Amino acid sequence: MQTSPLSNLNQRVARASRGLAMTLTTVSALLLATPSTHADDSPQQVSAEELQAPTRVVTLGTGTPSIDAGRAGTATAVIVNQDQVYLFDAGSGFMQTLGHFEAEGKRDIFPPTSPNPNAMLPTFLDKLFLTHLDSDHILGIPELLLRGWVLERQQPVRIWGPAGTRTVVDGVVEAYQPDIQHRLGSLPISEEAPYTGIVEELGSDPGTVYQDRYVTVSAFNVDHGSWEQGEAYGYRIEAPDKTIVISGDTRPSPNLLEHAKGADILLHEVMSVAGMEAMSQDWQNYMLDAHTTTHQLAEIAREIDPELLVMIHPLFLGAPEEVLLEEMQAAYDGNVVLADDGDVFE
Ligand SMILES: [Zn+2]
């Protein structure tokens, strides 16, 4: 059941918006009533009323290590005030999804870029938060760094992630030196143009990792196979008008339940029970140690009770897409969507 990536974009936007309207009033009222707990040098927070556009979640890639014609590697963008984009993971080919927005006349949900505000230049992608370093979450890093650079991004990409992130980013810059030196010698790009990433490794007890006038981003440990504490994270993004939680890859995790409380939109990985049960026992053991079944996700969603549950990174494991959806709908009667690439939730 593969449709054009953006064919149901309007429908998804409407569906998410209806459910969120009431909660968002409550959240913004709470934010306004709560004094800042940050130091004086923290940025002045924009209020929900001051936003020019609702905070939007865009699934630029919903894939896994499996090859799937409709799904780029995993990457989720949070766009606040049509001004700043916060990117969570950078899987293979995610940047190509941006092109669909231009083709469908939806360019303007992303920030304008100079020198041509209407061109879909990826130079607004300058903040990347990594959940972990499995390749399906980081294969797009070279593209993020170098494609943005060639298209004249004026600032380096800031990258937050687990231990090892610096090795990955430095390795990308090293691996692509022939390309970088060739372009520096032939294109009218400044010698100082930033093709690099500025890395911050977050450690085993990350907490709040980033704040600006729009968002507070916190990272928390999740349980993903043999990755240790500090090597696999979920993220909580508190924007003026809503709170978004992204699970990363994880089996059911008590720490996720704690940090996802109050989420308006919960984006969570998922795998099909039927698909998993058709695998060998060794593979089942691995999958259950690393990932979350539809039935387990239903329990998690009931506890968190988000306005909208968005299933990302679906591991069908050979089961048809309809089967995964049926498993979820039979186990959970809340508002739930299986994300496609190019979906927008607000
Ligand atoms: Zn993954």
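Under mature numbering (1 follows the signal peptide of the UniProt record, and there is no 0), the residues of the sequence shown are numbered -39 to -1, 1 to 307, in order. For every residue, glycine included, the Cβ atom is placed at its ideal position computed from N, Cα and C. As the structure is a computational prediction, the values presented were derived from the model and not from experiment.
Item, Value
"The segment 167 to 177 contacting the segment 146 to 154, beta-carbon criterion three pairs below 8 Å", "no"
"beta-carbon Asp95 near ligand 1 non-hydrogen atom, thresh 6 Å", "yes"
"Which residues DSSP lists as bridging Gln172, in chain order", "Thr177"
"Of the residues Asp69, Glu268, Thr255, the one placed nearest Ala280, counting alpha carbons only", "Thr255"
"Proximity to Ile207 [Cα-Cα], best of Glu287, Pro72, Leu112, His274", "His274"
"As assigned by DSSP and simplified to three states, the class of Leu285", "helix"
"Through-space distance from Ala193 to Met289, alpha-carbon basis", "25 Å"
"Whole-angstrom C-beta distance between Ala33 and Gly60, which should lie under 8 Å", "Not a contact, Cβ separation roughly 11 Å."
"Assigned exposure category for Thr128 - 16 Cβ within 10 Å defines buried", "exposed"
"Which listed residue (Pro83, Ser165, Phe306) has its alpha carbon closest to that of Gln57", "Pro83"
"Alpha-carbon to alpha-carbon, Met232 and Leu270", "14 Å"
"Where the beta strand (DSSP E) containing Gln6 begins and where it ends", "That residue, Gln6, is in no beta strand (DSSP E); it is neither H nor E in DSSP."
"Reduced DSSP category for Ile150 - H, G, I as helix; E, B as strand; rest coil", "coil"
"Cross-strand partners of Gly22 (DSSP beta bridge)", "Ala36"
"N-terminal and C-terminal residue of the beta strand (DSSP E) that Phe90 is part of", "88 to 90"
"Meets three-Cβ-pair contact criterion under 8 Å: the segment 177 to 190 and the segment 85 to 104", "yes"
"Check: Asp294 C-beta below 6 Å from any heavy atom of ligand 1", "no"
"Distance, Lys67 Cα to Thr74 Cα", "15 Å"
"Rounded straight-line distance, which links the Cα of Ser27 to that of Leu(-9)", "Low local confidence applies: a pLDDT of 36 at Leu(-9) is under 50, so the model's placement there is unreliable, and no value is given."
"Whether Asn42 touches Ala14 by CB criterion (7 Å)", "yes"
"Collapsed DSSP secondary structure at Glu135 in the structure displayed", "helix"
"Distance cut-off 6 Å: Asp29 Cβ against heavy atoms of ligand 1", "no"
"Identity of the residues DSSP links to Phe306 by a beta bridge", "Val18"
"Stretch pair the segment 113 to 132 + the segment 216 to 235: three plus CB contacts closer than 8 Å", "no"
"Minimum C-alpha distance to Pro164 - residue among Ala136, Gln115, Ala180", "First, the residue type needs correcting, since residue 164 is Gly and not Pro in the sequence shown. The option with the nearest alpha carbon to Gly164 is Ala180."
"Beta-carbon proximity check, Trp110 vs Tyr47, cutoff 7 Å", "no"
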